[in-house]
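Asks:
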Ligand SMILES: [Zn+2]
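Dropping the structure here:
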């Protein structure tokens with residue numbers, strides 16, 4: 172094959188442009204692929220004045236994200252970490268930012284990897300929780316009376332919103348209307364394969380539609396990395412696409428008359444097979460979408 176100097180140069184320049192744009196930010200939940208080491212965590216990321224994201228690594232190597240808001244009257248924390256030691260680190264990270272105590276705790280996800288360390292929070296912390304998640308956590312506190320609870324943390328308005336059933340059934344997202352930030356907890360698993368053990372797959376897609384309609388600059392996930400604003404919207408849309416693709420693929424396999432086990436073996440996840448947890452979560456998603464198709468998901 173003959174290659175002219177000119178065509179070689181144009182191939183080289185395309186390669187150069189690609190490497191420059193990918194150096195900007197690789198979209199993945201794998202820390203090492205983003206050029207990060209496990210020793211870079213936990214880390215606190217300032218998202219706006221008095222608003223911080225917090226990423227720590229959990230097994231098997233992706234991030235669990237918490238959000239905290241520092242108001243004049245104290246700190247609001249949305250989601251903790253998976254055990255007392257990890258949540259103590261989070262509380263210590265908050266103490267480096269402000270001497271104010273954690274006064275409110277929003278249960279975005281009631282799952283153990285976000286609540287397992289809650290025993291280290293101040294005992295008088297005020298919970299913001301849906302009736303469903305209150306039941307899951309066996310909390311002896313008042314639950315939200317409606318779908319919205321407004322919390323004034325002292326100069327900053329925070330809204331806990333129930334947009335419907337998604338990853339847990341009691342999912343809350345945390346909206347800061349002035350800062351245009353939406354912490355989505357496990358409604359948004361950035362580049363982590365859709366985890367459906369306790370999910371409502373089709374309703375989850377609709378919850379993301381509602382989130383996308385809010386006036387938001389930056390969507391913050393519950394797992395995976397906090398992205399810059401523009402990328403965060405693109406990745407939330409990508410995540411919704413992944414949910415739709417998983418549901419469509421499982422519907423295709425169900426129509427073939429396959430058992431859930433056989434469908435799990437034959438599933439073609441397309442680009443999403445590169446996402447974190449695909450081997451563990453793929454078969455679980457198949458079983459959950461089968462339940463939904465067969466009307467067993469109430
Ligand atoms: Zn989780």
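Residue numbers (this note's numbering): 172 to 469.
The beta carbon of each residue, even a glycine, is placed where N, CA and C say it ideally should be.
From residue 208 to residue 396, what does the alpha carbon distance come to, in whole angstroms?
Replies: 14 Å
Asks: Tell me the DSSP secondary structure of residue 375 in three-state form.
Replies: helix
Asks: Does any heavy atom of ligand 1 sit closer than 7 Å to the C-beta of residue 227?
Replies: no
Asks: Only counting the same chain, and skipping five residues up and downstream in sequence, which positions put a Cβ closer than 6 Å to that of residue 197?
Replies: 204 and 205
Asks: Alpha carbon to alpha carbon, how far is residue 255 from residue 360?
Replies: So the alpha carbons of these two residues sit roughly 23 Å apart.
Asks: With DSSP run on the structure shown, which of helix, strand or coil describes residue 241?
Replies: strand
Asks: In whole angstroms, give me the CA-to-CA distance for residue 457 and residue 421.
Replies: 6 Å
Asks: Identify whether residue 453 lies in helix, strand or coil by the three-state DSSP scheme.
Replies: helix
Asks: Is the closest heavy atom of ligand 1 to the C-beta of residue 284 under 7 Å?
Replies: yes
Asks: Flag residue 235 as yes when its Cβ comes closer than 7 Å to any non-hydrogen atom of ligand 1, and as no otherwise.
Replies: Yes, Cβ of residue 235 sits closer than 7 Å to a heavy atom of ligand 1.
Asks: Near residue 229, what residues of its chain come up, given a Cβ to Cβ distance below 7 Å and the 5 sequence neighbours on each side ignored?
Replies: 235, 253 and 284
Asks: Taking 6 Å as the limit between beta carbons, can you name the residues of its chain near residue 452, skipping five residues before and five after?
Replies: 364 and 366
Asks: Measuring only the C-alpha atoms, how far is residue 267 from residue 260?
Replies: 11 Å
Asks: Who are the near neighbours of residue 388 in its chain, counting only those whose CB is closer than 6 Å to its CB and skipping five residues on each side?
Replies: 351 and 400
Asks: Taking only the alpha-carbon atoms, compute the straight-line gap between residue 328 and residue 403 and give it to the nearest angstrom.
Replies: 22 Å
Asks: Looking only at its chain, what residues have a beta carbon closer than 8 Å to the beta carbon of residue 460, apart from the 5 residues adjacent to it on each side?
Replies: 367, 372, 417, 418, 421, 422 and 425
Asks: Mind checking whether the beta-carbon of residue 304 lies closer than 7 Å to any heavy atom of ligand 1?
Replies: No, since every heavy atom of ligand 1 falls outside the 7 Å radius drawn around the Cβ of residue 304.
Asks: Taking Cβ to Cβ, would you say residue 212 is nearer than 8 Å to residue 223?
Replies: no
Asks: For residue 274, count neighbouring Cβ atoms within 10 angstroms of its own Cβ and tell me buried if that reaches 16, exposed if not.
Replies: buried
Asks: Using 8 Å as the threshold, is the stretch 313–320 in touch with the stretch 289–305, meaning 3 or more CB pairs across them?
Replies: Taking a cut-off of 8 Å on C-beta distances, the stretch 313–320 touches the stretch 289–305, as three or more cross pairs fall below it.
Asks: Please determine whether the Cβ atom of residue 328 lies at a distance below 7 Å from any heavy atom of ligand 3.
Replies: This structure lacks ligand 3; the ligands present are ligand 1.
Asks: Could you tell me the boundaries of the alpha helix (DSSP H) in which residue 431 lies?
Replies: 431–437
Asks: Measure how close the beta-carbons of residue 354 and residue 219 come, nearest whole angstrom, since I'm counting them as under 8 Å.
Replies: That belief does not hold up - the Cβ atoms of residue 354 and residue 219 are roughly 12 Å apart, past 8 Å.
Asks: Identify, in the order they occur along the chain, each residue of the same chain with its Cβ nearer than 7 Å to the Cβ of residue 269, setting aside the five sequence neighbours on each side.
Replies: 241 and 246
Asks: Compute the Euclidean distance between the alpha carbons of residue 306 and residue 195, then round it to the nearest angstrom.
Replies: 44 Å
Asks: Do you know how far the Cα of residue 465 is from the Cα of residue 431?
Replies: 12 Å
Asks: Is the separation between the beta-carbon of residue 369 and that of residue 393 shorter than 8 Å?
Replies: no
Asks: Indicate the three-state DSSP secondary structure (helix, strand or coil) for residue 423 in the structure shown.
Replies: Looking at residue 423 - three-state DSSP - the assignment turns out to be helix.
Asks: How many angstroms separate the CA atom of residue 257 from the CA atom of residue 288?
Replies: 7 Å
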